[in-house]
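Working notes, structure below.
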Amino acid sequence: MDNILKDFAAAVSRHPDRTAIVDGKGREISFRQLSARAEGFAQSWQKSGIRKGDRVLLAMKLDADLYAALAALWSLGATVILPEPAIGLAGLRHAAKVSNVSAFCSSGIYGLLKFALPELWPLRHLRPRVTNERPHDRVPPDDDDIALISFTSGTTGVPKAIPRSHGFLAAQHQAIAPLLSSASPERDLVAFPVFVLINIASGQTSILPRWKMSRLAKLRPDTLEQWGISQNVSRVLLPPSICEILATTHIPDTLHTVFTGGGPVFPDILDKLKSGKPNLRIVCVYGSTEAEPIAHLNAAEIRADDHTKMMTGQGLLVGHPVDAIRVRIANDEILVAGAHVNSGYLDPNHDADNKIHEGTTVWHRTGDAGYFDDLGRLWLLGRIGSQVITKDGHIFPFSIETAARSWDGVKQCALISQNSAPTLVIEGDTTHMKSWKEMANRLRVPIVIPFAKIPMDKRHGSKIDRMALQKLLPAGIPID
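Letter by letter, the sequence shown follows residues 1 to 480 of full-length UniProt numbering.
Right under this line is the structure:
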């Protein structure tokens, strides 16, 4: 099977002088230069004793050196441990504890962590230095060797460690590449690290964010707008939260396509983007940390009756499953299987709740509720367990939130159970409260309450942190 390293080498051969990465400071590196830097790191770290099977915890700035480091360590047969940046120091310490790491690799100020965190004290410390020495023999990784260990977001509990083999990354590339395929050179503004890997393997240019993903609330529209214009961005790959900011800017003339995912892409976001540039192509990608991608939807294919269904409580349309995946529904839950679907967690104890074994097939329980329509398209209803019990049955959050986000004055909303009753919490302009209550009643939600700021997930700022919201709400809410 091909792997990311082979695909990267092929991209270097095809486009040696094409820009591979532009970092947030505007520094460019070509595919040839990125390859050379990766080889220099590999020689340096091989001299330091890194061998096949070593596990290296990576804490580096988001720039070209991070991706050169990935390629270098993989070429040595090492496994890279990537902590979840949004969780901060706690995420890094958690990664060090559960992953049995043997070395720590850092750049810039992150090097101080080696001295600050006891978990890192006994580890070899690698820095991104280039050594121009004759390379020693290397044992190339096998398809089944673990290339990467990343982590779930932890919004519903302790982050789980997810091992990804070289074969898995190759399969993920093959699943994602058709979505990003283009006959022309593109300049992609990319906020998802895995898509940067796909671009590197495909020979396309990646523009990295000029802002910290951990501080999305502070991203100003003019920062996003100026970065897109100055870099002649032709496509963006952004979470819905940043797409909402993009919709408030002057969308660059060069920008023709938006790929968005990492959280629910509601119709109001699509409408806002279209109002700024009607001919903009928008592709919504549904997936999870364990299975990316699962389904995709070209916004231009949303029909009038689809929109009506979304506005009347039928959930959120996410489109047809990708060719490389199998999807089925069991007890309202979406289950997936395929070569790019994670088959097990690093800790096997976590498998019991999320994996179903049927012969040689491993089905992953996404935790998302959904259904197929008559056209074979997938619709989302929300997370399993988030449904609100009513006297007539139950209501899943997306059935209400998809519609409510399009009401006048609504900025954000969340359906919860409060005082054993369906309750819609709304962040927005409360002068619309009367109409909010009327429309909520039509959707079988008797209570609407205003809330100053609904908490969102730390990773992409695109999913409601329902556990945090429940803690912030008072125990009893008066009903007027």
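We treat Cβ as the ideally placed atom computed from N, Cα and C, and that holds for glycine.
In this text, all values refer to a predicted model and were calculated from it rather than measured experimentally.
- Three or more Cβ pairs drawn from the segment 125 to 133 and the segment 99 to 106 lie within less than 8 Å of each other, which places the two stretches in contact.
- Within 10 angstroms of the beta-carbon of residue 218 lie fewer than 16 other beta-carbons, which makes it exposed.
- Counting every other CB atom within 10 Å of its CB across the protein chains shown gives residue 328 a total below 16, marking it as exposed.
- Relative to the Cα of residue 353, the nearest Cα in the group 323, 384, 254 belongs to 384.
- Secondary-structure assignment with DSSP links residue 372 through a beta bridge to 378.
- Residue environment for residue 228: buried (at least 16 other C-beta atoms within 10 angstroms of its C-beta).
- Spatial neighbours of residue 139 in its own chain (CB-CB distance under 7 Å, excluding positions within 5 residues in sequence) are listed in chain order as 52, 77.
- Looking from the CA of residue 123, the closest CA among 101, 83, 279, 195 belongs to 101.
- Counting C-beta pairs closer than 8 Å gives three or more between the segment 188 to 202 and the segment 171 to 180, which meets the contact rule.
- Going by C-alpha positions, residue 465 is about 6 Å away from residue 455.
- Beyond the five residues adjoining it in sequence on each side, residue 97 comes within less than 8 Å, by CB distance, of 119 in the same chain, given in chain order.
- In this model, residue 63 and residue 42 are separated by some 17 Å (Cα to Cα).
- A contact is defined here as three or more CB-CB pairs under 8 Å, and the segment 366 to 379 fails this definition with respect to the segment 233 to 240.
- With respect to the 8 Å criterion, residue 337 and residue 379 are not classified as neighbours on the basis of their beta carbons.
- Per DSSP, reduced to three states, the secondary structure at residue 44 is helical.
- The beta carbon of residue 252 sits closer than 7 Å to those of 228, 229, 233, all from its chain and outside the five residues before and after it, given in chain order.
- In the displayed model, residue 220 falls within coil according to three-state DSSP, outside both helix and strand.
- In this structure, 448 is the residue among 448, 273, 422 with its C-alpha nearest to the C-alpha of residue 434.
- Under a 10 Å Cβ-count criterion, residue 3 is classified as buried, with 16 or more other Cβ atoms of the shown protein chains found around its own Cβ.
- Along the length of the segment 407 to 440, whole beta strand (DSSP E) runs at least 3 residues long occupy 410 to 418, 421 to 428, reported in chain order.
- Distance from the CA of residue 29 to the CA of residue 361, rounded to the nearest whole angstrom, comes to 41 Å.
- Comparing C-alpha distances from residue 280 to each of 295, 386, 299 shows the shortest one belongs to 299.
- Within the same chain, 267, 268, 311 come within 7 Å of residue 406 by CB-CB distance, once the 5 residues on both sides are set aside.
- Your pair residue 397 and residue 421 does not check out as a contact, with CB atoms roughly 15 Å apart and the cut at 8 Å.
- Excluding five sequence positions before and after residue 462, the CB atoms of its chain that fall closer than 8 Å to its own CB belong to 239, 240, 241, 262, 263, 264, 456, given in chain order.
- Rounded to the nearest angstrom, the gap between the Cα atoms of residue 245 and residue 411 is 12 Å.
- Of the residues 304, 366, 222, 359, the one whose Cα lies closest to the Cα of residue 293 is 366.
- Less than 8 Å divides the Cβ of residue 196 from the Cβ of residue 206.
- For residue 286, the secondary structure class from DSSP, reduced to helix, strand or coil, is strand.
- The segment 107 to 163 contains, as complete beta strand (DSSP E) runs of 3+ residues, the segments 124 to 126, 146 to 151 (chain order).
- In this structure, residue 23 sits near residue 208, with a CB-CB distance shorter than 8 Å.
- DSSP, read as helix, strand or coil, puts residue 83 in coil.
- Only buried fits residue 94, as 16 or more other CB atoms lie within 10 angstroms of its CB.
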